[in-house]
Amino acid sequence: MTTPLKIASWNVNSLRVRLPHVLRWMEAAQPDILMIQEVKGESFPESEFLAAGYKAACVLQRSWNGVAILAREKPSVILDALPGDSQDTQARYLEADIAGIRCINLYLPNGNPVESEKYPYKLAWMARLRARLAALRAQAVPFLVGGDFNVIPEDIDCYDPEAWGEDALFRMDTRRAWRSIVNLGLSDAFRLFHAQGGHYTFWDYQGRAFEAGHGIRIDHFLLSPALADRALSCDIDGEPRRWDQPSDHTPIVLSLSREEL
DNA sequence: ATGCCTTGGTACCCAAGA
């Protein structure tokens, strides 16, 4: 029995600020692949990651957004933007082949406030994502999608569903769009192993939300059927949220069998 | 009650996040 393939996702909320946390976590957790979101900025500490034993692929943007994939082997980039809107220049999508797996790292738009142009952008982005994943399904490409989806899938995924009622992360149009993606035949990896609520990946900085347990589950892995068959575990590592000057998100970790079924 | 945090960019406040 070989060791599983360990794949993680973490919204770091500024890599410049969080690099020590990221390196510390990688050293302890030893992921084979780490997807990060909200790099924030156009510089990327490639040499620091190389020294830690990881090669990088990234798509960056001044000030906001930015996603990167770190892996033991150099990611082979397939797409550095989500197809479907040539006017969209936001750095939110990176698709690469690693270890024979199509790995998609995304930072899905927040969408608040819902009466602004940001919400239709979010829904359009989700429709484009669905189209891309439908194409991969049609081609029978085994893939996983990890990242900050900015979607609370169900009531049990947030501390206070009524408080989140019409928020862009939770309102019915958002959850409907999420379901239309899952219904391509994908599995929410965390829900393959955990049925109960109260497991969160994000806690607001304000109001001592983490200490109070007021969180939401918005960072996810979605797996195509062949990879769902290989899933061994999926867990949230809450530890980095306790560190000094933390990201408001914490890592989600997926383990896959290396064996093809 | 979009704020009582945090970040980046610009300039000493504002946008954006979720």
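Just add 3 to the spot in the first sequence (first one is 1) and you have this note's numbering. From the three backbone atoms N, C-alpha and C, an ideal C-beta is built for every residue, glycine too. Here the structure is a predicted model, which is why all the values come from computation and not from measurement.
Query raised in the report: Residues bridged to VAL62 by DSSP?
Result: According to DSSP, VAL62 shares a beta bridge with VAL70.
Query raised in the report: Span of the alpha helix (DSSP H) holding SER250?
Result: Looking at the DSSP string, SER250 is not in any alpha helix (DSSP H), and its letter there is neither H nor E.
Query raised in the report: Going by DSSP, which residues form a beta bridge with ILE101?
Result: ILE104.
Query raised in the report: Among residues of its own chain, excluding the 5 on either side of TYR122, which ones have a beta-carbon nearer than 6 Å to its beta-carbon?
Result: In chain order, GLY114 and ALA171 place their CB closer than 6 Å to the CB of TYR122, counting only its own chain and leaving out the 5 sequence neighbours on each side.
Query - Uninterrupted beta strand (DSSP E) stretches inside the segment 155-242 (no shorter than 3 residues) - result: Fully enclosed beta strand (DSSP E) runs of 3 or longer: 222-226 and 234-239.
Requested in this report: For LEU235, count neighbouring Cβ atoms within 10 angstroms of its own Cβ and tell me buried if that reaches 16, exposed if not.
Outcome: Under a 10 Å Cβ-count criterion, LEU235 is classified as exposed, with fewer than 16 other Cβ atoms of the shown protein chains found around its own Cβ.
Query - Pick from TRP13, ARG131 and ALA32 that is closest to ASP88, judged by C-alpha positions - result: The option with the nearest alpha carbon to ASP88 is ARG131.
Query raised in the report: Ends of the beta strand (DSSP E) at LEU82?
Result: Here the beta strand (DSSP E) through LEU82 covers 79-82.
**Report entry** Where the alpha helix (DSSP H) containing SER89 begins and where it ends
**Finding:** Looking at the DSSP string, SER89 is not in any alpha helix (DSSP H), and its letter there is neither H nor E.
Query raised in the report: If you follow the beta strand (DSSP E) that TRP13 is part of, which residue opens it and which one closes it?
Result: For TRP13, the uninterrupted beta strand (DSSP E) segment begins and ends at 8-14.
Query raised in the report: Does the separation of the CB atoms of PRO78 and ALA54 fall below 8 Å?
Result: Contact flag unset, no.
Query - Of the listed residues ASP35, SER190, TYR96 and VAL154, nearest to ILE221 (C-alpha basis) - result: The residue with the shortest Cα to Cα distance from ILE221 is VAL154.
Query raised in the report: When the Cα of SER260 is compared with those of LEU82, THR253, ASN186 and ALA229, which residue comes out closest?
Result: Minimum Cα distance to SER260 is reached at ALA229.
Report task. Could you please give me the residues that DSSP links to SER258 through a beta bridge? Result -> Beta-bridge pairing by DSSP links SER258 to LYS9 and SER236.
Query raised in the report: Does DSSP put VAL25 in a helix, in a strand, or in coil?
Result: Helix, per DSSP.
Query raised in the report: Any idea what DSSP makes of TYR57, helix, strand or coil?
Result: Looking at TYR57 - three-state DSSP - the assignment turns out to be coil, as it is neither helix nor strand.
**Report entry** Option in TRP167, VAL148, ARG105 and ILE10 with minimal Cα separation from ASP191
**Finding:** Ranking TRP167, VAL148, ARG105 and ILE10 by Cα distance to ASP191 puts VAL148 first.
**Report entry** Three-state class that DSSP yields for PHE146 in the structure shown
**Finding:** In the three-state scheme derived from DSSP, where H, G and I count as helix and E and B as strand, PHE146 is classed as strand.
Query raised in the report: Using the rule of at least 16 other Cβ atoms within 10 Å of the residue's Cβ for burial, across every protein chain shown, is LEU82 buried or exposed?
Result: Of the residues assessed, LEU82 falls on the exposed side of the cut-off, its CB having fewer than 16 other CB atoms within 10 angstroms.
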